[in-house]
Each structure stands twice: as C-alpha cells, then as structure tokens.
Amino acid sequence: MTLEIEQFMCRSDNFGILARDSETGETALIDAPEERPILEAVERTGWTPTMILTTHHHGDHVAANLALKERFKLAIVGPAAEADKIPGIDRRVKEGDTVRVGRQEAQVIETPGHTAGHISYHFADAGIAFTADTLFALGCGRLFEAKPPVMLSSLKKLAALPLETVIYCGHEYTKANARFALTVDPTNSALKERAKRIEALRSEGKPTLPTTLADEMATNPFLRWHDPVIRRNLGMEEASDEAVFAEIRKRKDLF
C-alpha cells in the first residue's frame with residue numbers, strides 16, 4: 255500500500271501533484287494551480303481526483319479550484335484560517351486534523367509564514383510531506399503575511415519530521431535557491447555537490463523535486479540557523495535563532 259505521485263509543471267514554475275492511494279485508487283490533487291496541465295495529467299494517468307488538498311490561498315495555488323470542482327464534483331479541503339479566501343472550500347482543517355486519501359492518512363500541520371494560514375500535509379505511513387510554499391528545496395517561502403519568528407516556528411515543525419521524509423514543494427526555485435545558499439554557506443561540501451546536481455538536472459529540463467528532509471537539513475540554510483559556520487559567516491555567532499533566520503531571509507529577499 256503506497257501513495258503514488260504524479261508531479262508535473264503548471265504555469266511558469268508551479269508544481270502540480272496528483273497523489274493516489276494504490277490500494278483504493280482514490281486520488282487527491284495537492285493545490286490547483288492551472289486547469290489545463292491538471293486535466294492533461296488526469297488523462298495521462300487515468301487518476302480521477304476526488305479532492306483538492308489546498309495549502310494556502312494564493313492564486314497560483316487555487317486558480318483552478320472552481321473549474322475542477324465543477325468538472326469532477328470533487329471536495330476541496332483547505333486551511334480554516336484562510337477559508338474565506340479558498341474558492342469552493344468544503345472542509346476547513348487546522349493543526350492536528352487528519353485527511354484521508356483512500357487508506358492513506360495525512361496529518362495537517364499549520365505552517366504559517368508565507369501566508370498567515372498556510373498548512374502542510376504529512377502522510378506519515380507513506381513518508382511524504384507536501385509543504386507547498388513553506389519549505390522549498392534549499393529555500394523557504396517569502397514572508398508575505400507573517401514575521402520571521404512565525405516562519406521559523408513553522409520550519410522547526412517540519413524539521414522535526416523523520417529525516418527520510420520525502421518533501422514535495424510548490425515551485426521549481428531550486429537552482430536560484432542553490433546560488434543564494436552558497437553565498438551564506440560557501441564551504442559546505444554537501445551543498446556544493448548538490449548545486450552541481452541541480453545544474454545538471456535543470457540543464458536537461460528535469461525537475462529538482464522531490465527532495466528529502468535529510469538533504470534539506472544538510473544543505474538548506476533556512477533549516478541551518480543553528481550552524482556555527484553559517485553564524486560565523488554572518489557575523490552572528492551569539493545571535494538568537496530568530497535573528498539568524500531573519501538575516502538569512504532578508505539577504506535572500508535582496509539577492
């Protein structure tokens with residue numbers, strides 16, 4: 255019994271995802287960035303979605319909600335804190351709630367920062383987490399609706415998941431994130447090797463996702479606020495976690 259994943263591109267750099275329980279065939283979409291590539295993925299796989307698991311209210315994640323709801327009569331699940339901004343929402347979920355896709359169960363984790371009510375979905379038995387625009391490969395989401403301590407708290411929740419967790423994110427930002435990461439952590443050999451792999455993947459037109467939490471903990475500066483080398487590079491050896499994270503986020507915003 256597994257959670258099968260079909261990942262594909264939407265818009266300019268969004269990832270669309272179909273997640274299917276292999277035993278029952280029940281299928282969920284993770285967000286709905288764009289109708290056409292989603293319909294193409296449904297046709298390609300034969301997996302008909304019965305629900306959308308929405309992570310946050312931004313238009314590039316909910317644009318196709320109503321069209322898909324009309325076409326497939328599916329249910330839309332989304333964050334209770336943003337319910338008034340989620341088109342077609344049927345079920346409002348919050349921290350600790352669970353969502354089932356066939357026999358697969360996801361824990362809802364509130365991960366605000368990018369938006370005030372952003373949530374992530376963790377399928378523990380499958381070893382998969384959908385983190386959308388909270389945690390990216392080698393990055394984290396821009397802070398549009400919350401302050402750095404809020405996002406740091408969210409990232410600490412995700413960092414506490416099992417290291418083998420496979421992470422699916424909302425965007426293909428990894429190449430640019432790698433370039434920035436090397437400016438704050440230039441001597442990290444794992445990061446340098448990963449940056450080379452990312453360059454090779456993108457030069458071949460291949461996606462850099464999914465990633466794993468283990469790889470992110472070793473190379474993602476937004477999960478390495480505690481690292482003494484990064485702190486020394488920033489001149490913040492004795493600073494708080496919040497201050498180090500905020501400085502890294504500020505530098506990325508200006509990069």
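Residue numbers for the sequence shown, in my numbering: 255 to 509. Glycine included, C-beta positions come from ideal geometry on N, C-alpha and C.
- The beta carbon of residue 392 sits closer than 6 Å to the beta carbons of 428, 431, 432, 435 and 474 from its chain, once the five residues preceding and following it are set aside; these are given in chain order.
- Excluding residues up to 5 positions away in sequence, 286, 287 and 288 lie with their Cβ nearer than 7 Å to the Cβ of residue 317 in the same chain.
- If one requires a minimum length of 3 residues, the beta strand (DSSP E) runs lying completely within the region 302-351 are 303-307, 329-333 and 345-347, in chain order.
- In this structure the region 436-445 lies against the region 475-484, because at least three pairs of beta carbons, one per stretch, are closer than 8 Å.
- Per DSSP, the unbroken beta strand (DSSP E) holding residue 385 starts and ends at 382-386.
- Secondary structure of residue 417 (DSSP, three-state): coil.
- With contacts defined by Cβ atoms closer than 8 Å, residue 291 and residue 270 form a contacting pair.
- Between the alpha carbons of residue 493 and residue 279 lies a distance of about 50 Å.
- Residue 499 carries a helical assignment under DSSP once its states are collapsed to helix, strand and coil.
- Per the DSSP secondary-structure output, residue 283 pairs in a beta bridge with 272 and 306.
- Within the region 405-488, the runs of beta strand (DSSP E) at least 3 residues long that lie entirely inside it are, in chain order, 420-423.
- For residue 315, the closest alpha carbon among the candidates 299, 327, 333 and 460 is that of 333.
- In terms of Cβ geometry, residue 373 and residue 347 form a close pair [threshold 8 Å].
- Scanning 411, 320 and 448 for the CA closest to the CA of residue 367 turns up 411.
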